[in-house]
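For the sequence shown, the working numbering begins at 34 and goes up steadily by one.
By construction, the Cβ of each residue, glycine as well, lies at the ideal position given by its N, Cα and C atoms.
Computed from a prediction, not measured in an experiment: that's the story for all the values here.
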Amino acid sequence: MTLRHRAAAMVERVTLEAAHSLGTEAALVVRDAVGAVLAVRDPLIEDDHDPRLLHPARTVLILLSDTTCRDAAALAAAAFIESLDTALRAPLDELERVAGGAARGIASAAPNAARGTTLEDLVSAPRDSAVIAIAERLDHARHLHLRPDLAWAPFHADVETVWAPAAHFLAPGLGRRLDRWADGFRARRLLRPPHGP
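Structural data, given as structure tokens:
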């Protein structure tokens, strides 16, 4: 399947960033994972500027820029984590096909925010699995103001009480970014969407 321009360009960007941090061979694993996930989303999302389209790739970029995660399996797994839009999830069988059983294991062990995640869930999960879940949540937070279909106040409260504290323990760079987001969101009084829940 051929991806639309923005999705294809994002696969290229992730590949270049991963190659810079991991080397070419590992970057190809990450590329294949991100490409596989975007191939699932691309035909399902009409507007290619919808923030949901590139979410998996942005999660990987967050990990590359703000954490010490340099494991191709963990980065590939991160692309397959989806806590808000379950209809857009790519099957873990596809992750295993493109990135192997280790990647599937990391994704399978990630705390699932869609079912509710506690601080204990995050700090007791395998470190790579917890960190990719935190990065995924951060990307959703960064785009929450574009999602009037979601309840903003509970999401914000959950970030402050669960995700940011866990991030400070597991990946301090992500913790600082979640704190900045939560403070800014509150300061702009964006705790209620203009329409929706």
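- Counting other Cβ atoms within 10 Å of its Cβ, L171 reaches 16 or more and is therefore classed as buried.
- By the 16-neighbour rule on beta-carbons within 10 angstroms, P187 is exposed.
- With contacts defined by Cβ atoms closer than 9 Å, R103 and S54 form a contacting pair.
- A166: member of the alpha helix (DSSP H) spanning 160-175, first to last residue.
- If you check the CB distance, W185 and H176 do not come in under 9 Å.
- A residue is called buried when at least 16 other Cβ atoms come within 10 angstroms of its Cβ; H38 does not meet this threshold and is exposed.
- When rounded, the separation of the alpha-carbon atoms in A40 and P84 is 11 Å.
- DSSP, read as helix, strand or coil, puts E58 in helix.
- Restricting attention to D80, A52, G206, V195, the CA atom closest to the CA of D154 is found in V195.
- Contact check for I114 and A143: beta-carbon distance about 5 Å, within the 8 Å limit, so the pair qualifies.
- Excluding five sequence positions before and after R74, the CB atoms of its chain that fall closer than 6 Å to its own CB belong to L86, L121, given in chain order.
- Rounded to the nearest whole angstrom, the CA to CA distance from S162 to A140 is 6 Å.
- When C-alpha distances from P89 are compared across H82, T101, G68, the shortest belongs to G68.
- In this structure, the alpha-carbon of A51 lies about 32 Å from that of L183.
- Shortest Cα-Cα distance from T35 to any of L207, L61, A60, P76 involves P76.
- For V156, the enclosing alpha helix (DSSP H) covers residues 152-157.
- Cβ neighbours of G208 within its own chain (closer than 7 Å, five residues either side excluded): A197, A200, H201.
- Annotated as proximal: A147 and T119, with beta-carbon spacing under 9 Å.
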